[in-house]
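K.L.:
Chains as they are written, first to last, in the numbering used here: chain A, 8 to 198; chain B, 8 to 198.
This is the structure I have questions about; it appears just below.
2 protein chains.
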Amino acid sequence: MARPPAAEQPDGVDTRTRIQRVALELFTEQGYEATSLREIAERLGVTKAALYYHFRSKEEIVQSLFTDQLAKLDELIAWGEGQPRTLETRREFVHRYADLLQSGRPLELMRFFERNQTSMQEKHQAGATIRERIGRLQGLLSTTDDPPAERLRRSLAIMAVHTAWFVLREPDISDEARRAAAVEVALSLVE
Amino acid sequence: MARPPAAEQPDGVDTRTRIQRVALELFTEQGYEATSLREIAERLGVTKAALYYHFRSKEEIVQSLFTDQLAKLDELIAWGEGQPRTLETRREFVHRYADLLQSGRPLELMRFFERNQTSMQEKHQAGATIRERIGRLQGLLSTTDDPPAERLRRSLAIMAVHTAWFVLREPDISDEARRAAAVEVALSLVE
DNA sequence: GTCTATATGCCGATAGAC
DNA sequence: GTCTATCGGCATATAGAC
């Protein structure tokens, strides 16, 4: 998992991590397919070959982004799958999910994934993994027995929590206010 | 706009239209960047050069998909911008928007757009146009003066109408039932 | 760990025959 | 309207020196 033994740059971040950061940014802005390894390398001031020392392929860069962050999501899913399917569980889930998105950087990953859905297909291993987890999340809130409107509402509850960060940008809204709005709307959708 | 004078294939659809259909399908499934003109041509049993007789570039194929369908959306926006910003207008908007998505094929275009967000950037002319229209749609339902939770709720109302078609698939749900669920949830979000 | 140099292949796009 | 043939370019990926 972790790899402590690594040479560090002046800014205290090793090259592997710098590659991941730049790749995530460019993949999200321009798209996975539209971003070349040459572009990533140039941004970092190294050559393509240096990238291949740290990652065996372009796809492996993406995989590394997710595997480094997937653990917390799996914790939440494990918790949810051990709870009774009650209103109280759904409420608690909304809060925990909002927490999850606010801590660490899973939100940047979500955005990357959302904007690169076509690249993250079944062929892409990271894509398959994330899709499976999203299915499990939805499964925590509703079952196929529920009436359609209710299933739709509960899917939207999850979307509300991410979407809040993209819809509520301007003007001068604090992270706390955005989170409060997300939770309020999501809660109303799981009632 | 229309181009009646065109040779037709045995199945009654001219080549230009067949190119558009296959392109939309492949762009949506695999992604715009990941789909080559060679692939589209092979699927149709022609060569790349034939594609270039009908469209000047890959991007022009995408543009043609939207320009052929944008008129109805513009009608809805024009109607909405001429109405008072009342609850009754929002309700009527939800119904009209659901109508719009059910008639014709704008839904397939929405799916294509949603799954190829990174390719449909500002540089891409079709992308800029659609983004502008989506902004106008959101503007019909809410203003920046509204409190955050309300703005989020109204953005979700629009999403509910599309999302219904992707979330509510199995098992044996009719178009009418799906539409009813979408409208019900969207209405509750614009109250 | 990073470099130079290169292999190999597909891409979008065009020219010109039929 | 569709074809064959081709251009120039950039892609991912690798070999091997330092």
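For each residue, glycine too, the CB sits at the ideal point set by N, CA and C.
As the structure is a prediction and not an experimental result, all values here were calculated from the model.
Following the continuous alpha helix (DSSP H) through residue 180 (chain B), name the residue where it begins and the one where it ends.
P.N.:
On the second sequence, position 173 is the one that residue 180 (chain B) refers to. Where residue 180 (chain B) is concerned, there is no enclosing alpha helix (DSSP H), given that its DSSP letter is neither H nor E.
K.L.:
Taking residue 162 (chain B) as the query, report the chain A residues whose CB atoms sit under 8 Å from its CB, ordered along the chain.
P.N.:
Numbered from its first residue, the second sequence carries residue 162 (chain B) at position 155. Here the neighbours are 170, 174.
K.L.:
Can you tell which of A:42, A:52, A:69 has the C-alpha that lies nearest to the C-alpha of residue 120 (chain A)?
P.N.:
Here residue 120 (chain A) corresponds to residue number 113 of the first sequence, with the count starting at 1. The shortest Cα separation from residue 120 (chain A) among A:42, A:52, A:69 belongs to A:69.
K.L.:
Rounded to the nearest angstrom, how far is the Cβ of residue 104 (chain A) from that of residue 83 (chain A), given a contact under 8 Å?
P.N.:
One-based indexing of the first sequence puts residue 104 (chain A) at position 97. One-based indexing of the first sequence puts residue 83 (chain A) at position 76. Sure, about 7 Å apart at Cβ, within 8 Å.
K.L.:
Helix, strand or coil, according to DSSP, for residue 53 (chain A) in the structure here?
P.N.:
For the purposes of this step, residue 53 (chain A) is taken as residue 46 along the first sequence, with counting starting at 1. Note: residue 53 (chain A) maps to coil in three-state DSSP.
K.L.:
Should residue 156 (chain B) and residue 164 (chain A) be called a contact, given that it needs their Cβ atoms to be closer than 7 Å?
P.N.:
The residue given as residue 156 (chain B) occupies position 149 in the second sequence. The residue given as residue 164 (chain A) occupies position 157 in the first sequence. No, Cβ-Cβ distance for residue 156 (chain B) and residue 164 (chain A) is not below 7 Å.
K.L.:
Who are the neighbours of residue 109 (chain B) on chain A, taking C-beta pairs under 7 Å?
P.N.:
Taking the first residue of the second sequence as 1, we reach residue 109 (chain B) at position 102. Chain A residues near residue 109 (chain B): none, gap ~15 Å exceeds 7 Å.
K.L.:
Can a CB atom of chain B be found closer than 7 Å to the CB of residue 90 (chain A)?
P.N.:
Numbered from its first residue, the first sequence carries residue 90 (chain A) at position 83. For residue 90 (chain A), the answer is no, since every Cβ of chain B falls outside 7 Å of its Cβ.
K.L.:
Can you list, in chain order, the residues of its chain with a C-beta nearer than 6 Å to that of residue 192 (chain A)? Leave out the 5 residues immediately preceding and following it.
P.N.:
For this step, residue 192 (chain A) is matched to residue 185 along the first sequence. Excluding positions up to five away in sequence, the list reads 167.
K.L.:
Among B:23, B:53, B:29, which one has its Cα closest to the Cα of residue 42 (chain B)?
P.N.:
One-based indexing of the second sequence puts residue 42 (chain B) at position 35. The option with the nearest alpha carbon to residue 42 (chain B) is B:29.
K.L.:
Identify which residue in A:54, A:31, A:22, A:147 has its Cα closest to the Cα of residue 118 (chain A).
P.N.:
Along the first sequence, read from residue 1 onward, the residue named residue 118 (chain A) stands at position 111. Comparing Cα-Cα distances from residue 118 (chain A) to each of A:54, A:31, A:22, A:147, the minimum goes to A:31.
K.L.:
Taking 7 Å as the threshold (C-beta atoms), are residue 125 (chain B) and residue 134 (chain A) in contact?
P.N.:
In the first sequence, the residue the question calls residue 134 (chain A) occupies position 127. In the second sequence, the residue the question calls residue 125 (chain B) occupies position 118. Cβ atoms of residue 134 (chain A) and residue 125 (chain B): not closer than 7 Å.
K.L.:
What is the rounded straight-line gap between the Cα of residue 170 (chain A) and the Cα of residue 181 (chain A)?
P.N.:
Here the question's residue 170 (chain A) lines up with position 163 in the first sequence. Here the question's residue 181 (chain A) lines up with position 174 in the first sequence. Taking the straight line from one Cα to the other gives about 15 Å.
K.L.:
Assuming residue 174 (chain B) contacts residue 195 (chain A) (C-beta within less than 8 Å), just tell me the rounded distance between them.
P.N.:
Residue numbering aside, residue 174 (chain B) sits at position 167 when the second sequence is read from its first letter. Residue numbering aside, residue 195 (chain A) sits at position 188 when the first sequence is read from its first letter. 18 Å between Cβ atoms; not a contact.
K.L.:
Which of the three DSSP states is assigned to residue 175 (chain A) in this structure?
P.N.:
Position 168 of the first sequence holds residue 175 (chain A). Of the three classes helix, strand and coil, the one that applies to residue 175 (chain A) here is coil, per DSSP.
K.L.:
Using a Cβ cut-off of 7 Å (strictly closer), state whether residue 8 (chain B) contacts chain A.
P.N.:
For the purposes of this step, residue 8 (chain B) is identified with residue 1 of the second sequence, where counting begins at 1. Residue placement at residue 8 (chain B) cannot be trusted, given a pLDDT of 49 that sits under 50; what the coordinates show is reported in the next sentence. With 7 Å as the cut-off, residue 8 (chain B) does not count as an interface residue toward chain A.
K.L.:
Where residue 131 (chain B) and residue 99 (chain A) are concerned, what is the direct C-alpha to C-alpha distance, given to the nearest angstrom?
P.N.:
Your numbering for residue 131 (chain B) matches position 124 in the second sequence. Your numbering for residue 99 (chain A) matches position 92 in the first sequence. C-alpha separation (whole angstroms): 42 Å.
K.L.:
Just to confirm my understanding: we take residue 61 (chain A), look at its own chain, exclude 5 residues before and 5 after, and list those with CB closer than 8 Å. What are they?
P.N.:
One-based indexing of the first sequence puts residue 61 (chain A) at position 54. The residues are 22, 23, 26.
K.L.:
Below 7 Å on C-beta distance, what does residue 146 (chain A) contact in chain B?
P.N.:
Sequence index remark: in the first sequence, residue 146 (chain A) carries index 139 (1-based). The contacting residues do not exist; residue 146 (chain A) stays about 13 Å from chain B at best.
K.L.:
For my contact list, residue 172 (chain A) and residue 114 (chain A) are in at a C-beta cut-off of 8 Å; report their separation, rounded to the angstrom.
P.N.:
Position 165 of the first sequence holds residue 172 (chain A). Position 107 of the first sequence holds residue 114 (chain A). Sure, about 6 Å apart at Cβ, within 8 Å.
K.L.:
On the criterion of 16 or more Cβ atoms from any shown chain inside 10 Å, does residue 35 (chain A) qualify as buried, or is it exposed?
P.N.:
Numbered from its first residue, the first sequence carries residue 35 (chain A) at position 28. Result: buried.
K.L.:
Residue 62 (chain A) by DSSP, collapsed to three states: which one?
P.N.:
Position 55 of the first sequence, counted from the start, is the residue given in the question as residue 62 (chain A). Residue 62 (chain A): coil per DSSP, three-state reduction.
K.L.:
Below 6 Å, is the gap between the Cβ of residue 121 (chain A) and the nearest heavy atom of the ligand FMN?
P.N.:
Of the ligands one can find in the structure shown there are none, so the ligand FMN has no counterpart to examine.
K.L.:
Along the alpha helix (DSSP H) that carries residue 96 (chain B), what are the first and last residues, could you check?
P.N.:
The residue you call residue 96 (chain B) lines up with position 89 of the second sequence. Segment 94-109, the alpha helix (DSSP H) holding residue 96 (chain B).
K.L.:
If you reduce the DSSP assignment to three classes, tell me which class residue 81 (chain A) lands in.
P.N.:
In the first sequence, counting from the first residue as 1, residue 81 (chain A) sits at position 74. In the structure shown, residue 81 (chain A) sits in a helix (DSSP, three-state: H, G or I).
K.L.:
Under the three-state reduction of DSSP, which class applies to residue 198 (chain A): helix, strand or coil?
P.N.:
As a working mapping, residue 198 (chain A) is identified with position 191 in the first sequence. Three-state DSSP puts residue 198 (chain A) in coil, outside helix and strand.
K.L.:
For residue 65 (chain B), which residues from the same chain have a beta carbon less than 7 Å from its beta carbon, with the 5 sequence-adjacent residues on both sides left out?
P.N.:
For the purposes of this step, residue 65 (chain B) is identified with residue 58 of the second sequence, where counting begins at 1. Contacts found: 44.
K.L.:
How about residue 129 (chain A): is its C-beta nearer than 7 Å to some C-beta of chain B?
P.N.:
Numbered from 1 along the first sequence, position 122 holds the residue referred to as residue 129 (chain A). Not closer than 7 Å to any Cβ of chain B, the Cβ of residue 129 (chain A) fails to qualify, so no.
K.L.:
Span of the alpha helix (DSSP H) holding residue 263 (chain A)?
P.N.:
Here chain A has residues from 8 to 198 only, and residue 263 (chain A) is not among them.
K.L.:
Should residue 40 (chain B) be labelled buried (16 or more other beta-carbon atoms within 10 Å of its own) or exposed?
P.N.:
Looking up residue 40 (chain B) in the second sequence gives position 33. By the neighbour-count rule (16 or more Cβ atoms within 10 Å), residue 40 (chain B) is buried.
K.L.:
Thinking C-beta only, is residue 58 (chain A) closer than 7 Å to residue 48 (chain A)?
P.N.:
Walking along the first sequence from the start, residue 48 (chain A) turns up at place 41. Walking along the first sequence from the start, residue 58 (chain A) turns up at place 51. In contact: residue 48 (chain A) and residue 58 (chain A) (Cβ atoms closer than 7 Å).
K.L.:
Quick check on residue 29 (chain B) - is its C-beta less than 7 Å from some C-beta in chain A?
P.N.:
Position 22 of the second sequence, counted from the first residue, corresponds to residue 29 (chain B). Not an interface residue.
K.L.:
Using the rule of at least 16 other Cβ atoms within 10 Å of the residue's Cβ for burial, across every protein chain shown, is residue 87 (chain A) buried or exposed?
P.N.:
Position 80 of the first sequence holds residue 87 (chain A). It is buried - the Cβ of residue 87 (chain A) has at least 16 other Cβ atoms within 10 Å.
K.L.:
Can you tell me where the alpha helix (DSSP H) with residue 139 (chain B) in it begins and where it stops?
P.N.:
Mapped onto the second sequence, residue 139 (chain B) falls at position 132. Segment 132-148, the alpha helix (DSSP H) holding residue 139 (chain B).
K.L.:
Secondary structure at residue 43 (chain A), three-state DSSP: helix, strand or coil?
P.N.:
Locating residue 43 (chain A) in the first sequence gives position 36, where the first residue counts as 1. Note: residue 43 (chain A) maps to coil in three-state DSSP.
K.L.:
Classify residue 122 (chain A) as buried or exposed, calling it buried when 16 or more other Cβ atoms lie within 10 Å of its own Cβ.
P.N.:
What you label residue 122 (chain A) is simply residue 115 of the first sequence in a count that begins at 1. With 16 or more Cβ atoms within 10 Å of its Cβ, residue 122 (chain A) is classed as buried.
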